[in-house]
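Heads up: the sequence lines are chains A and B, in that order.
Position in the first sequence (from 1) plus 18 gives the number in this note's numbering.
Position in the second sequence (from 1) plus 18 gives the number in this note's numbering.
All residues carry an ideal CB built from backbone N, CA and C; glycine is no exception.
Here's the structure, in structure tokens; my notes come after.
2 protein chains.
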Amino acid sequence: MLELYHAEPVANSVKVLICLKEKGVEFSSHYVNLLLFEQHAPEYLAVNPDGVVPTLVHDGAAITESSVINEYLDDVFPDPPLRPTDPVERARMRIWTKYIDDYFGPAASRIGWHFLLHPIASRLSPEEREQRLSRIPMADRREKWATIAGTSFTAEQLADARRQVLEGVGKLEALLRNHLWTAGATFSLSDIASYCVAPALPRLAPDAVNRDATPRIMDWLDAMNERPAVKAALAMPNKVPETLAALGFPPPAPR
Amino acid sequence: MLELYHAEPVANSVKVLICLKEKGVEFSSHYVNLLLFEQHAPEYLAVNPDGVVPTLVHDGAAITESSVINEYLDDVFPDPPLRPTDPVERARMRIWTKYIDDYFGPAASRIGWHFLLHPIASRLSPEEREQRLSRIPMADRREKWATIAGTSFTAEQLADARRQVLEGVGKLEALLRNHLWTAGATFSLSDIASYCVAPALPRLAPDAVNRDATPRIMDWLDAMNERPAVKAALAMPNKVPETLAALGFPPPAPR
Numbered sequence: 019m020l021e022l023y024h025a026e027p028v029a030n031s032v033k034v035l036i037c038l039k040e041k042g043v044e045f046s047s048h049y050v051n052l053l054l055f056e057q058h059a060p061e062y063l064a065v066n067p068d069g070v071v072p073t074l075v076h077d078g079a080a081i082t083e084s085s086v087i088n089e090y091l092d093d094v095f096p097d098p099p100l101r102p103t104d105p106v107e108r109a110r111m112r113i114w115t116k117y118i119d120d121y122f123g124p125a126a127s128r129i130g131w132h133f134l135l136h137p138i139a140s141r142l143s144p145e146e147r148e149q150r151l152s153r154i155p156m157a158d159r160r161e162k163w164a165t166i167a168g169t170s171f172t173a174e175q176l177a178d179a180r181r182q183v184l185e186g187v188g189k190l191e192a193l194l195r196n197h198l199w200t201a202g203a204t205f206s207l208s209d210i211a212s213y214c215v216a217p218a219l220p221r222l223a224p225d226a227v228n229r230d231a232t233p234r235i236m237d238w239l240d241a242m243n244e245r246p247a248v249k250a251a252l253a254m255p256n257k258v259p260e261t262l263a264a265l266g267f268p269p270p271a272p273r
Numbered sequence: 019m020l021e022l023y024h025a026e027p028v029a030n031s032v033k034v035l036i037c038l039k040e041k042g043v044e045f046s047s048h049y050v051n052l053l054l055f056e057q058h059a060p061e062y063l064a065v066n067p068d069g070v071v072p073t074l075v076h077d078g079a080a081i082t083e084s085s086v087i088n089e090y091l092d093d094v095f096p097d098p099p100l101r102p103t104d105p106v107e108r109a110r111m112r113i114w115t116k117y118i119d120d121y122f123g124p125a126a127s128r129i130g131w132h133f134l135l136h137p138i139a140s141r142l143s144p145e146e147r148e149q150r151l152s153r154i155p156m157a158d159r160r161e162k163w164a165t166i167a168g169t170s171f172t173a174e175q176l177a178d179a180r181r182q183v184l185e186g187v188g189k190l191e192a193l194l195r196n197h198l199w200t201a202g203a204t205f206s207l208s209d210i211a212s213y214c215v216a217p218a219l220p221r222l223a224p225d226a227v228n229r230d231a232t233p234r235i236m237d238w239l240d241a242m243n244e245r246p247a248v249k250a251a252l253a254m255p256n257k258v259p260e261t262l263a264a265l266g267f268p269p270p271a272p273r
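Written out as structure tokens, the structure reads:
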């Protein structure tokens with residue numbers, strides 16, 4: 019039995035959803051509503067003690083970390099293969115995925131958290147805030163949430179995040195000038211990983227990401243959006259608009 | 019032809035050195051002296067534009083990021099295998115390696131950088147500092163170096179780092195209570211990755227890491243230190259004492 023705990027089809031959740039759809043395997047979907055902090059609820063912490071999405075549960079074994087989950091899916095459902103056969107391309111796939119996990123993704127998500135989550139989290143009363151923070155097991159993530167629920171990031175931190183996003187844009191465009199997909203001549207897990215960040219880029223940095231400045235990123239995005247697995251992943255439930263409405267916030271900007 | 023650019027046998031350098039020694043493959047060793055900032059020299063940036071060690075160069079292809087290098091080595095030199103056959107154990111290997119890369123290792127290294135590198139880097143003249151910083155290509159790393167060469171980490175940041183190290187210690191002891199090695203019943207790349215941090219723990223946190231508090235970590239460390247590959251890796255050149263002496267600093271504390 020294969021189960022996925024995930025949020026709306028963006029960021030690390032869409033990464034695993036695309037992989038599952040590329041593999042064409044059946045799974046049970048469990049929606050975790052991040053805007054309601056369900057990832058820190060005791061029921062979810064029993065599944066993933068780190069309190070983050072996504073989590074894959076396969077025959078009782080919980081697999082965490084989206085990049086690890088996708089390698090796991092390629093190990094257990096090898097058809098179609100989503101890792102290059104050539105070991106150098108495979109290493110390139112992992113290097114680029116790691117860069118997204120460590121720098122590019124977090125920088126883009128700091129901007130997203132600031133604009134989407136800070137207005138919600140900062141409305142919590144001091145008691146609610148303490149109570150929610152005390153549920154978060156990992157020190158590092160607890161601090162990140164304390165920042166978001168408190169004063170959020172400083173202008174300098176946001177400027178840093180923007181600069182890191184632009185660095186990532188430059189690297190992605192350069193990669194795609196060298197070969198059709200991010201790791202080489204074939205579509206792979208690092209293209210899926212890039213889709214964590216890439217669809218938001220033309221909106222996040224319109225001056226830097228467009229047909230003139232980054233033609234290869236735009237072509238690659240088109241090719242990604244044409245894939246049936248990407249379309250199927252994007253068609254998965256997204257409760258953000260209804261949750262924002264229920265909380266009395268305006269709808270999010272279109273992606 | 020297989021070449022490794024690496025520093026003394028600790029941290030991410032020892033991780034790849036152990037893997038190469040476990041595989042028993044011949045390689046050319048290029049020592050990069052971090053205390054002389056050789057990782058930011060133009061000759062090295064031509065090998066690895068990110069300016070970090072280690073870098074593996076195999077038949078002209080440069081592979082970076084120690085965790086990726088070790089998976090690459092297991093891909094191209096499959097004997098003896100250093101990844102578990104069972105996909106769940108293999109995922110566990112990658113989850114634990116990622117935790118070390120993302121949290122445990124950086125937290126321990128912040129403490130090491132503060133005590134070892136800050137005294138050296140802070141002696142640079144403002145011009146030398148600017149000139150060296152301008153060579154570092156990645157924004158995130160440039161900032162880390164600016165911190166080290168400037169005021170270093172605050173007492174609060176160091177306390178945070180210590181707390182993260184203790185969190186890692188708890189997780190490692192728990193893993194080793196569940197199974198003999200970090201990923202399961204067999205030695206794997208996540209044991210090698212753990213050796214990035216683990217040998218320093220009894221010295222870094224003597225109250226938390228000892229025979230009484232963490233018997234499994236101590237037994238596992240003994241087993242690691244008995245491995246011929248670990249001994250061979252530790253016997254690789256270490257220019258830290260002579261470089262410190264040449265720079266007029268006292269020798270480092272014994273590890």
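Relative to the C-alpha of residue 74 of chain A, which candidate in B/98, B/106, B/93 and B/89 has its C-alpha closest? On the first sequence, residue 74 of chain A is found 56 positions in, with the first residue counted as 1. Closest option to residue 74 of chain A, Cα to Cα, is B/106.
Using a Cβ-Cβ cut-off of less than 8 Å, list which residues of the stretch 77 to 109 of chain A approach chain B; keep chain order. 79, 81, 82, 83, 85, 86, 87, 89, 90, 93, 94, 105, 106, 108 and 109
Please determine, among A/96, A/120 and A/164, the residue with the shortest C-alpha to C-alpha distance to residue 143 of chain A. As a working mapping, residue 143 of chain A is identified with position 125 in the first sequence. Comparing Cα-Cα distances from residue 143 of chain A to each of A/96, A/120 and A/164, the minimum goes to A/164.
Kindly indicate if chain B contains any beta-carbon less than 8 Å away from that of residue 182 of chain A. Residue 182 of chain A sits at position 164 when you count from the first residue of the first sequence. Yes, residue 182 of chain A counts as interfacial toward chain B.
Anything in the stretch 189 to 211 of chain A with a Cβ closer than 9 Å to a Cβ of chain B? List those residues in chain order, please. none
Hey, would you say residue 190 of chain A sits closer than 8 Å to residue 235 of chain A, going by beta carbons? Locating residue 190 of chain A in the first sequence gives position 172, where the first residue counts as 1. Locating residue 235 of chain A in the first sequence gives position 217, where the first residue counts as 1. Cβ atoms of residue 190 of chain A and residue 235 of chain A: closer than 8 Å.
For residue 46 of chain A, does the three-state DSSP call read helix, strand or coil? Within the first sequence, the letter at position 28 stands for residue 46 of chain A. Strand at residue 46 of chain A.
Whose Cβ in chain B lies nearer than 7 Å to the Cβ of residue 121 of chain A? Position 103 of the first sequence holds residue 121 of chain A. Under the 7 Å cutoff, chain B gives 158.
Do residue 186 of chain B and residue 122 of chain B have their beta-carbon atoms positioned less than 8 Å apart in this structure? By one-based count along the second sequence, residue 122 of chain B stands at place 104. By one-based count along the second sequence, residue 186 of chain B stands at place 168. Result yes, Cβ atoms of residue 122 of chain B and residue 186 of chain B sit closer than 8 Å.
Neighbour-count burial assignment, residue 169 of chain B, 16 or more Cβ in a 10 Å radius: Position 151 of the second sequence, counted from the start, is the residue given in the question as residue 169 of chain B. The residue in question, residue 169 of chain B, is exposed, as its Cβ has fewer than 16 Cβ neighbours within 10 Å.
Can you find at least 3 beta carbon pairs, one from the stretch 26 to 44 of chain B and one from the stretch 201 to 210 of chain B, that sit closer than 8 Å? yes
Near-chain B residues of the stretch 131 to 163 of chain A - C-beta to any C-beta below 8 Å: 156, 157, 158 and 161
In chain A, what lies closer than 8 Å to residue 185 of chain B by C-beta? Position 167 of the second sequence, counting from 1, holds the residue named residue 185 of chain B. Going along chain A in sequence order, the residues near residue 185 of chain B (Cβ under 8 Å) are 156 and 157.
Measuring only the C-alpha atoms, how far is residue 87 of chain A from residue 108 of chain A? Mapped onto the first sequence, residue 87 of chain A falls at position 69. Mapped onto the first sequence, residue 108 of chain A falls at position 90. Each residue's Cα considered, the two are about 16 Å apart.
Quick one: grab the DSSP three-state call for residue 200 of chain A. Position 182 of the first sequence holds residue 200 of chain A. Note: residue 200 of chain A maps to coil in three-state DSSP.
Could you say which of A/50, A/20, A/22 and A/43 lies nearest to residue 256 of chain A if we only look at CA atoms? Here residue 256 of chain A corresponds to residue number 238 of the first sequence, with the count starting at 1. Considering only alpha carbons, the answer is A/50.
Which residues of the stretch 33 to 50 of chain B have a Cβ closer than 7 Å to any Cβ of chain A? Give them in chain order. none
Output the boundary residues of the beta strand (DSSP E) element that contains residue 90 of chain A. As a first step, residue 90 of chain A must be located in the first sequence, where it is residue number 72. Per DSSP, residue 90 of chain A belongs to no beta strand (DSSP E); it is in the alpha helix (DSSP H), 84 to 94.
Which residue wins for smallest C-alpha separation from residue 239 of chain B, given the options B/153, B/263, B/220 and B/147? The sequence position of residue 239 of chain B within the second sequence is 221, counting from 1. Closest option to residue 239 of chain B, Cα to Cα, is B/220.
With a CB to CB cut of under 8 Å and the five nearest residues on each side skipped, what residues in its chain are close to residue 161 of chain B? Indexing the second sequence from 1 puts residue 161 of chain B at position 143. Around residue 161 of chain B: no qualifying Cβ.
Is the CB of residue 116 of chain B under 8 Å away from at least one CB in chain A? Position 98 of the second sequence, counting from 1, holds the residue named residue 116 of chain B. Yes, because at least one Cβ of chain A sits closer than 8 Å to the Cβ of residue 116 of chain B.
Is there a Cβ of chain A sitting closer than 8 Å to that of residue 229 of chain B, yes or no? On the second sequence, residue 229 of chain B is found 211 positions in, with the first residue counted as 1. Output row for residue 229 of chain B: interface = no.
Closest by CA to residue 26 of chain A, which one among A/72, A/46 and A/43? For this step, residue 26 of chain A is matched to residue 8 along the first sequence. Answer by Cα proximity: A/72.
Would you give the residue range spanned by the beta strand (DSSP E) that residue 65 of chain B belongs to? Within the second sequence, numbered from 1, the residue matching residue 65 of chain B stands at position 47. Residue 65 of chain B -> not in any beta strand (DSSP E); alpha helix (DSSP H) instead, spanning 60 to 65.
Answer with yes or no whether the minimum CB distance from residue 128 of chain A to chain B is below 8 Å. The residue you call residue 128 of chain A lines up with position 110 of the first sequence. Taking Cβ atoms only, chain B never reaches closer than 8 Å to residue 128 of chain A, which makes this a no.
N- and C-terminal bounds of the beta strand (DSSP E) containing residue 252 of chain A: What you label residue 252 of chain A is simply residue 234 of the first sequence in a count that begins at 1. Note, residue 252 of chain A: premise wrong, no beta strand (DSSP E); alpha helix (DSSP H) at 246 to 252.
Less than 8 Å between CB atoms is the rule here; does residue 113 of chain A satisfy it with respect to chain B? The residue labelled residue 113 of chain A in the question sits at position 95 within the first sequence. So yes, residue 113 of chain A belongs to the interface.
Please go through the same chain and pick out, in chain order, the residues whose beta-carbon is closer than 7 Å to the beta-carbon of residue 135 of chain B, but skip the five residues on each side of it. For the purposes of this step, residue 135 of chain B is identified with residue 117 of the second sequence, where counting begins at 1. The answer, listed in chain order, is 166.
Continuous beta strand (DSSP E) stretch holding residue 23 of chain A: start and end: For the purposes of this step, residue 23 of chain A is identified with residue 5 of the first sequence, where counting begins at 1. Element bounds for residue 23 of chain A: 20 to 24.
By how many angstroms is the C-alpha of residue 138 of chain A removed from the C-alpha of residue 53 of chain A? Translated into positions along the first sequence, residue 53 of chain A becomes position 35. Translated into positions along the first sequence, residue 138 of chain A becomes position 120. Roughly 8 Å between the two C-alpha positions.
Sequence-distant residues of the same chain with beta carbon closer than 6 Å to residue 125 of chain A, five excluded per side: Counting from 1 along the first sequence, the entry for residue 125 of chain A is found at position 107. The residues are 179, 182 and 183.
Can you tell me whether residue 47 of chain A is buried or exposed, with buried defined as 16 or more other CB within 10 angstroms of its CB? Here residue 47 of chain A corresponds to residue number 29 of the first sequence, with the count starting at 1. Exposed, since its Cβ has fewer than 16 Cβ neighbours within 10 Å.
Of the residues B/91, B/58 and B/60, the one placed nearest residue 22 of chain B, counting alpha carbons only: On the second sequence, residue 22 of chain B is found 4 positions in, with the first residue counted as 1. Per the Cα distances, B/91.
If you run the structure through DSSP and keep just helix, strand and coil, what is residue 73 of chain B? The residue given as residue 73 of chain B occupies position 55 in the second sequence. Here residue 73 of chain B sits in strand by DSSP.
What do you reckon, are the CB atoms on residue 212 of chain A and residue 118 of chain A nearer than 8 Å? The residue given as residue 212 of chain A occupies position 194 in the first sequence. The residue given as residue 118 of chain A occupies position 100 in the first sequence. Yes.
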